[in-house]
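A.B. asks: Below are the structure tokens for one structure; questions will follow.
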Amino acid sequence: MKERPSIERLREVLAYAPETGRLTWKVALSPRVIVGADAGGNCGRGYIRVCVDGARMPAHHVIWAMETGPWPAEEVDHEDLNKGNNRWGNLREATRSQNEANKPPSKSNLTGLKGVIPLGNRFQAQVQFKGQRFQYGSYGTPEEAHAAYQAKARELFGEFIRVIWSATHPSRTPSGIRDAIRNA
């Protein structure tokens, strides 16, 4: 991997508009670069990547470095989960654990509730923190387990906690989960 350019070099060739999140070219570094055009492109996972002097970098990391001075120590989180929204108010420096806390439940989550897993006819609350999984009791309803998850996750992750109900699948709402367990 090519070494990242200096922050001064980034500021020399790129312009950033904090209100819109747009990162544009100030200098044409190659015949394909148009001054004033958006810098970078979608890397296929929703993130925008920028190439400066042969170094490919996530645009949100470049923006963080240009705005704050140092490169991010670990990760830069998109608070609203929109990987293409690089508005300054949507970016925040985060640890890996904090960034993971700001994710919705995985698609394989059977309950639709982050931190809640079915355990027979009961529900267990669990939190993953710094690579370790911790269980916080067994509960009669998914709501009770989710409340326990939320309390512990807020304590561990603070503002990074994301609590999401799955609105896309009716069986993943609290009443749908109870019905599915009753009918099993």
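Per the working numbering: the sequence shown = residues 5 to 188. Using N, Cα and C, we set each Cβ at its ideal position, and we do this for glycine too. Note that the structure is predicted; figures quoted are calculated from it, not measured.
Applying the 10 Å Cβ sphere with the 16-neighbour rule, what's the burial state of Asn125?
C.D. replies: Asn125 comes out exposed.
A.B. asks: Just the C-alpha distance for Glu94 and Gln128, rounded to the nearest angstrom, thanks.
C.D. replies: Reading off the sequence, residue 94 comes out as Asn, not Glu. Straight-line Cα distance between these residues: approximately 32 Å.
A.B. asks: How close, in whole Å, do the beta carbons of Trp29 and Ala41 come, if the pair is a contact with beta carbons under 8 Å?
C.D. replies: The Cβ separation is near 6 Å, so the contact holds.
A.B. asks: Measure from the alpha carbon of Asn89 to the alpha carbon of each residue in Asn106, Tyr51, Ala105 and Ala98, then state which is nearest.
C.D. replies: Checking every option, the nearest Cα to that of Asn89 belongs to Tyr51.
A.B. asks: Go to Glu148, then tell me how far its alpha helix (DSSP H) extends in each direction, as first and last residue.
C.D. replies: Counting along the chain, the alpha helix (DSSP H) containing Glu148 begins and ends at Pro146 to Phe161.
A.B. asks: Give a yes or no on whether the C-beta atoms belonging to Ile165 and Ala152 are separated by under 8 Å.
C.D. replies: Not a contact, by the Cβ cut-off of 8 Å.
A.B. asks: Mind checking whether Met70 and Arg13 have CB atoms under 8 Å apart?
C.D. replies: Against a cut-off of 8 Å, the Cβ pair of Arg13 and Met70 comes out as no contact.
A.B. asks: With distances taken Cα to Cα, identify the nearest neighbour of Gln154 among Gln130, Arg91 and Lys134.
C.D. replies: Considering only alpha carbons, the answer is Gln130.
A.B. asks: Under three-state DSSP, which class holds Arg176?
C.D. replies: Unreliable positioning characterises Arg176 in this predicted model, as indicated by a pLDDT of 47, which lies under 50. The coordinate reading is nonetheless provided below. Three-state DSSP puts Arg176 in a helix.
A.B. asks: Output the boundary residues of the beta strand (DSSP E) element that contains Trp29.
C.D. replies: Element bounds for Trp29: Arg26 to Trp29.
A.B. asks: Can you list, in chain order, the residues of its chain whose CB lies under 6 Å from that of Asp81, leaving out five sequence neighbours each side?
C.D. replies: Within the same chain, Asp81 has close Cβ partners Arg96, Ala98, Asn103 and Asn106.
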